[in-house]
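**Q** Residue numbers (this note's numbering), protein chains in the order written: chain D, 66 to 446; chain A, 66 to 446; chain X, 66 to 446; chain L, 66 to 446.
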């Protein structure tokens, strides 16, 4: 695993835990973690249960005792690490968004497809696909329970930037993060919308906004993103991204990704309306799926609150009795289960790098549209 | 009152009821109702409590025993009736949207401003301003409780057109209704957004869609919109309208108006995010306002569900003890109270025709943008 | 109508409005209202639309131009007014609880049954039966949609007495009100539980509590309950009533009625669990019914939020399109419609005085049980 | 650890995970797990990460390489295992309810207090105290944020016994489980009520019911509780328990524990009403706490939905950014953290066996009251 911050903690937990609840085809070993600071990575290895550590990812990807490389770094390093790992014949799990540019994502996708010929697998970590409620939603749509999909409304609402003194962390710098709320949050919504509907976004008309353009730089010494220093720098990414979309299957959608939705902490919401029903989800009620079935008689129809904790629900046979909730990190545990199972079976884990590229192209089209006063920009397929 | 269908029933109730709960400066008399079909208007007069009736609105607006003309007809007749009524020196309350075109709305606004010089008042019936929860939201924003407004997310979700056999009622014909979900539902959202934030929409980037392009014509004999005949006709308005917006005060917004949101019956929703707090509303929970106050200590902050039924809340001193809910038609009763009070006081009732024109210009810009692939179109001020 | 305070306002509205929305078999005339204070009743007649007024109910019930007497006074006067009205051959609609004692209720019931032989009808005003959501719940249970009823959980939560300086209004004096939260709120829950389940409460085990035993007397001059004077008096009724119950059909239930549920304004809640499903209701979400159907497949089962605003729902064909909510006073309008329809049809309006007596006996058993340390007391049938 | 079924899986996860997220004063080693079936316990050791296993708990508690014994077996074996472990000088964590009888609980408590003199610690596993939302509720009450506590309403609603063919698992047999819904679910509610309010239950008036008295015996071969055999046996515990309570601090409460609340899967709900505010919780919305603050101005007061995911909330500094939810098993991880920290600090972990005994006495009083027709039975202190 490369990187050991927020995502690294979540991924480590998943690697440690997946085999304790699921029957995996392989026994997992947490061989090595990698980070640039030796004291930090040493502590991380100890804390998260990795047997060894490296301070240079180039060394890590060459180690013969490693089969899988899990990339948990900021977006600007995804491409070089993934390319090197694939070249070294390692299976790759890469955090989202796949890259910071379409060009990088294309190169990664091409490399992944080449490596695939040698049995090397790759996957991009859109973990919301592994929320049981969204996995169930996908099943219901595939079964035709809501008919033809016509509308998507997706918003991903956070509010940690409302405080103008929140420091200029790496996520607010274009050269590290690629974009702001758009790539960090909107990428999840885009992937989820395409995953759920089975339709691809064909064009987008967008508006980006940065409300607070200057912020304190993080304090030098600590390097902690949460501590403000006395100097200030420019915010070079969007605080909020709004866009409308047309899908290739005839649906339309409206999207919002923002870090300025005061009072909302992690409201990754998506609703899908179809000719025969509707579905709704909010990550702040992670274990619930709303489902409206037009087949019900009119007098008793209504959105159902499905508590997605039955043993027949996706992933739930591994966990607790009905009504006992799962949390955020379970999505990573499920991701490890699916990735490892696919690798062992010689199957293609999903979402593929090609799917990650697809999201990247939507992100790029959003930025192009915003730069062109919102005119709809087609997304190349 | 001209027109006696859905809106006519609601307005009649309001005229009958306002003086029973509020202290009005004038005693109200329901002098005459007008409709084209003599048997229908006679029955309506009897049912709704009007003392007399007319079958030609030209006669009605000339009657000397009438002080106020209330226009509840489809949008294509708003302009001629309002112009004639104003010319005859009658105060005018006109249903929304103000007209079917900007040109009509401009003419009406000019006439209203001329009439105002003679003490004749006019108002457009955006009744959602009279929902106590939204009136409270307006107060809180004016008091600065959510700080600088940055984002609006507004959706108005209905689903009565999901059934492809629902007949081609007048609301689905451009020549009668002007537009579809956009003017019928979106107009409410636009007015509410501008009313709440105190900012005007400066530009919009839009997408319109008609999912079901052909529908059965209503059965000839009955004229009832709910009964399908055997012939079919073209739907000439939008089923759904999506747009992003920039406000003149720096806020941005995302809007959706649709009659295809399966499972949602009348979800007129609006959320406003500011630098110091947030507000949320859903007409399907009509008596509630969500309020997040950043001034709360972090450990106990959260969206409050304000049950807007306290005697100190707008309009509530006239009604029931706390916790006893109001319904949809109360908004019309409140509207009558405010209109009559303003007329009696020689004050300007709000929203004025000029505000209605402002909404009309946004609607027109939405249509222009949609025709121009979504590029942001400025709204003339 | 006798009495013109809170209930009088609600009943007046209902008498004025029922015929405007429903097709009634009789044309309603608001002939006279009665109150002890001449200036107050004169103002009430004018405000609420009554043609005349009386200051002595004995005169009112004798007037030959009156067919129906509607009793909206505190409980201590229900019996004498109802007995006189029935003796005079008037149909009687009486507010709940039917009386302040079982003896009074028995006398009223006997009188009602005698009068019935002469075609005189009577009904007790448990208006929650006319909430569309609860009427729908009754239909669903009758249709067997939740199977055999096994459990009821009912609470009626208000909080207006949490303030220890709230004055000693008539509702806090045993001689006027009979009991406190028990009779005022609990009576609704008891009636609703028996109405919904079709089972009668057979025994109860109870606990009553008065948290604030002394309160300021209301200011003399105004007589308004909301204004505190400087003297204090004893609270002689319960602030909260808790009890468990056994029903004659095998169900069990738990009940709470309280005016000390801080933050709850009018949360009249009831849930019913059956062998095939469950139902839930909260008057603070008046237009919604929760419904869980065990017949659904396990993977998509969940409580549905039925928005009870479809034209096929009870009472709803008279009102607005789906999704447009009704309020508290609609229950009284529905009550008038049902009462008048039954009287005109020569049918027995429900709930009858006998049903009101049944509730009274449960209230008495609750008080007996509380006095006997909670031992279950059978309710005579 | 003794026992490796549902609770064993949850406890194992907690022992493995606590040190990965929290800074613990001791490094944890999963030394041995114990179960009667050798193949089953061997598989459990492998699956859950225990280094060795035993098939006789008497051996386990004597092993010198073990410091802590964690008891996850049915209630009938808690006493002998705990007594032996304490006698052997092991710290003991014991699942709830503490025992199947007051006598056993008294013996265990006496033993725990004796062992304490030698520095041996013990704790009973009421894991709901470690739900962050309930820990926060406790803090708020302790700080006086809701003033004097007056009312508690607690229900624990499950529905897995609605199916009459669900087999007669050990939880339905008095000799194994002690009682039914009462001890399994009600014990949590009782502990939570006493924990939150800081008041003790002083008396209870109760009603117990068994709706389905005969069920299929579990299939012999598999021993799985979910598989029904062809023979039937008597259910010897309650399906539902209802009771009212008086607390020693003047509060009153109403409690329901049931496995027949159709549609509710694990709705452990508790509300507390005080003189200055109110709190509400539902385990099906595990990460939320409702809070009503009477200190708010009347116009904007309302129940807040606190999303208990801020780093300042109890236990949350170890987990994810705001808005990212925790699940059911986190309560066990928190329990291990608190238990281990107390043991290392030489402090008394809470809840103590004495607190578990206190709950046991309430359970016994509930059963006594139910046997005495609901008369209030005092709980010995």
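We put the CB at the ideal spot given by N, CA and C, even for glycine. These numbers come from a predicted model, not from an experiment.
Taking 7 Å as the threshold (beta carbon to beta carbon), is residue 138(D) in contact with chain X?
**A** Here residue 138(D) corresponds to residue number 73 of the first chain, with the count starting at 1. By this cut-off, residue 138(D) is not an interface position.
**Q** Give the residues of chain L in contact with residue 441(X), contact being defined as C-beta atoms less than 7 Å apart.
**A** Residue 441(X) sits at position 376 when you count from the first residue of the third chain. Within 7 Å Cβ-Cβ: 438, 439.
**Q** Would you say residue 215(A) faces chain L, with C-beta separation under 7 Å as the test?
**A** Taking the first residue of the second chain as position 1, residue 215(A) is located at position 150. It does not; no Cβ of chain L falls within 7 Å.
**Q** Taking CB distances under 7 Å as the criterion, tell me whether residue 393(X) reaches chain A.
**A** For the purposes of this step, residue 393(X) is taken as the residue at position 328 of the third chain. True, the Cβ-Cβ gap to chain A drops below 7 Å.
**Q** How close, in whole Å, do the beta carbons of residue 346(A) and residue 199(A) come, if the pair is a contact with beta carbons under 8 Å?
**A** What you label residue 346(A) is simply residue 281 of the second chain in a count that begins at 1. What you label residue 199(A) is simply residue 134 of the second chain in a count that begins at 1. About 6 Å; that satisfies the 8 Å criterion.
**Q** Under a CB-based cut-off of 7 Å, is residue 94(X) close to chain D?
**A** Your numbering for residue 94(X) matches position 29 in the third chain. Not closer than 7 Å to any Cβ of chain D, the Cβ of residue 94(X) fails to qualify, so no.
**Q** Assign residue 251(X) to one of two classes, buried (16 or more other C-beta atoms within 10 Å of its C-beta) or exposed (fewer than that).
**A** Taking the first residue of the third chain as 1, we reach residue 251(X) at position 186. Counting Cβ neighbours within 10 Å, residue 251(X) comes out buried, since at least 16 surround it.
**Q** How many angstroms separate the CA atom of residue 118(A) from the CA atom of residue 370(D)?
**A** Along the second chain, read from residue 1 onward, the residue named residue 118(A) stands at position 53. Along the first chain, read from residue 1 onward, the residue named residue 370(D) stands at position 305. Roughly 50 Å separates the two Cα atoms.
**Q** Do you know offhand how far residue 151(A)'s Cα is from residue 272(A)'s?
**A** On the second chain, residue 151(A) is found 86 positions in, with the first residue counted as 1. On the second chain, residue 272(A) is found 207 positions in, with the first residue counted as 1. Whole-angstrom Cα-Cα distance: 36 Å.
**Q** Run the proximity test for residue 435(A): is its beta-carbon closer than 6 Å to any non-hydrogen atom belonging to the ligand ATP?
**A** You won't find the ligand ATP in this model; it holds no ligand whatsoever.
**Q** Does any residue of chain A bring its CB to less than 7 Å from the CB of residue 287(X)?
**A** Stepping through the third chain from its first residue, residue 287(X) is reached at position 222. Unreliable positioning characterises residue 287(X) in this predicted model, as indicated by a pLDDT of 44, which lies under 50. The coordinate reading is nonetheless provided below. For residue 287(X), the answer is no, since every Cβ of chain A falls outside 7 Å of its Cβ.
**Q** At 7 Å on the CB atoms, spell out the chain A contacts of residue 340(D), in chain order.
**A** Translated into the one-based positions of the first chain, residue 340(D) becomes position 275. In chain order: 227.
**Q** Nearest-angstrom Cα distance between residue 20(X) and residue 188(X)?
**A** Lying outside 66 to 446, the shown extent of chain X, residue 20(X) is not represented and no answer is given.
**Q** When the distance is taken between beta carbons, is residue 219(L) closer than 7 Å to residue 335(L)?
**A** Within the fourth chain, the letter at position 270 stands for residue 335(L). Within the fourth chain, the letter at position 154 stands for residue 219(L). The answer is yes: Cβ separation under 7 Å.
**Q** Helix, strand or coil, according to DSSP, for residue 396(L) in the structure here?
**A** Numbered from its first residue, the fourth chain carries residue 396(L) at position 331. Reduced to three states, the DSSP call for residue 396(L) is helix.
**Q** Check whether the segment 400-407 of chain A and the segment 359-378 of chain X are in contact - that is, three or more C-beta pairs closer than 8 Å.
**A** Verdict: no, contact absent.
**Q** Give the straight-line distance between the Cα atoms of residue 116(A) and residue 106(A), rounded to the nearest whole angstrom.
**A** Along the second chain, read from residue 1 onward, the residue named residue 116(A) stands at position 51. Along the second chain, read from residue 1 onward, the residue named residue 106(A) stands at position 41. Roughly 12 Å between the two C-alpha positions.
**Q** Which residues, taken in chain order from the segment 106-121 of chain L, show a beta carbon closer than 9 Å to some beta carbon of chain D?
**A** Within the segment 106-121 of chain L, the residues whose Cβ lies closer than 9 Å to some Cβ of chain D are 112, 113, 114, listed in chain order.
**Q** Compare the beta carbon distance of residue 392(X) and residue 391(A) with 7 Å and say whether it is the shorter of the two.
**A** Position 327 of the third chain, counted from the start, is the residue given in the question as residue 392(X). Position 326 of the second chain, counted from the start, is the residue given in the question as residue 391(A). Contact: yes.
**Q** At a CB distance below 8 Å, what residues from the segment 364-378 of chain D approach chain X? Give them in sequence order.
**A** For the segment 364-378 of chain D, which is checked against every Cβ of chain X, the residues closer than 8 Å are 364, 365, 366, 367, 368, 369, 370, 371, 372, 375, 377, 378.
**Q** Would a check of beta-carbon distances place residue 404(L) closer than 7 Å to chain A?
**A** What you label residue 404(L) is simply residue 339 of the fourth chain in a count that begins at 1. So, not an interface residue.
**Q** Suppose you measure from the CA of residue 214(L) to the CA of residue 212(D); what does that come to, to the nearest Å?
**A** As a working mapping, residue 214(L) is identified with position 149 in the fourth chain. As a working mapping, residue 212(D) is identified with position 147 in the first chain. About 51 Å.
**Q** So for residue 323(D), helix, strand or coil by DSSP?
**A** As a working note, residue 323(D) is residue 258 in the first chain. Here residue 323(D) sits in strand by DSSP.
**Q** Three-state secondary structure (DSSP) at residue 264(L)?
**A** Residue mapping note: residue 264(L) aligns to position 199 of the fourth chain, counting from 1. Residue 264(L) falls in the coil class under three-state DSSP.
**Q** Determine the closest residue to residue 114(D) out of 239(D), 75(D), 128(D), with distance taken between C-alpha atoms.
**A** In the first chain, counting from the first residue as 1, residue 114(D) sits at position 49. Of 239(D), 75(D), 128(D), the residue nearest in Cα terms is 75(D).
**Q** Counting only Cβ pairs nearer than 9 Å, list the residues of chain X close to residue 78(A).
**A** Taking the first residue of the second chain as 1, we reach residue 78(A) at position 13. The answer, in chain order, is 82, 85, 86.
**Q** Ignoring anything shorter than 3 residues, give me the beta strand (DSSP E) runs that lie fully in the segment 91-153 of chain L, in order along the chain.
**A** Qualifying beta strand (DSSP E) stretches, in chain order: 97-99, 117-119, 133-136.
**Q** Using a Cβ-Cβ cutoff of less than 7 Å, which residues in the same chain neighbour residue 319(A) once the five nearest sequence positions on both sides are dropped?
**A** Residue numbering aside, residue 319(A) sits at position 254 when the second chain is read from its first letter. For residue 319(A), where only same-chain residues beyond five positions count, the Cβ hits under 7 Å are 218, 309.
**Q** DSSP beta-bridge partners for residue 188(A)?
**A** For the purposes of this step, residue 188(A) is taken as residue 123 along the second chain, with counting starting at 1. Residue 188(A) pairs with 158(A).
**Q** Classify residue 324(L): buried if its beta carbon has 16 or more other beta carbons within 10 angstroms, exposed otherwise.
**A** For the purposes of this step, residue 324(L) is taken as residue 259 along the fourth chain, with counting starting at 1. Residue 324(L) is buried by the Cβ-count criterion.
**Q** Hey, how far is the Cα of residue 239(L) from the Cα of residue 167(L)?
**A** As a position in the fourth chain, residue 239(L) is number 174, starting the count at 1. As a position in the fourth chain, residue 167(L) is number 102, starting the count at 1. Between residue 239(L) and residue 167(L), the C-alpha separation is close to 14 Å.
**Q** What is the rounded straight-line gap between the Cα of residue 86(X) and the Cα of residue 376(D)?
**A** Locating residue 86(X) in the third chain gives position 21, where the first residue counts as 1. Locating residue 376(D) in the first chain gives position 311, where the first residue counts as 1. For residue 86(X) and residue 376(D), the distance between alpha carbons rounds to 50 Å.
**Q** Answer with yes or no whether the minimum CB distance from residue 429(D) to chain X is below 7 Å.
**A** Numbered from 1 along the first chain, position 364 holds the residue referred to as residue 429(D). No, residue 429(D) does not count as interfacial toward chain X.
**Q** Go ahead and label residue 353(A) buried or exposed: buried means 16 or more other beta carbons lie within 10 angstroms of its beta carbon, across all protein chains shown.
**A** Counting from one through the second chain, the residue named residue 353(A) turns up at place 288. Residue 353(A) should be labelled buried.
**Q** Going by C-alpha distance, which of 414(X), 209(X), 183(X), 418(X) is nearest residue 263(X)?
**A** In the third chain, the residue the question calls residue 263(X) occupies position 198. Of 414(X), 209(X), 183(X), 418(X), the residue nearest in Cα terms is 209(X).
**Q** To the nearest angstrom, how far is it from the Cα of residue 128(A) to the Cα of residue 148(A)?
**A** Here residue 128(A) is taken as the residue at index 63 of the second chain, counted from 1. Here residue 148(A) is taken as the residue at index 83 of the second chain, counted from 1. If you take the alpha carbons of residue 128(A) and residue 148(A), they lie about 15 Å apart.
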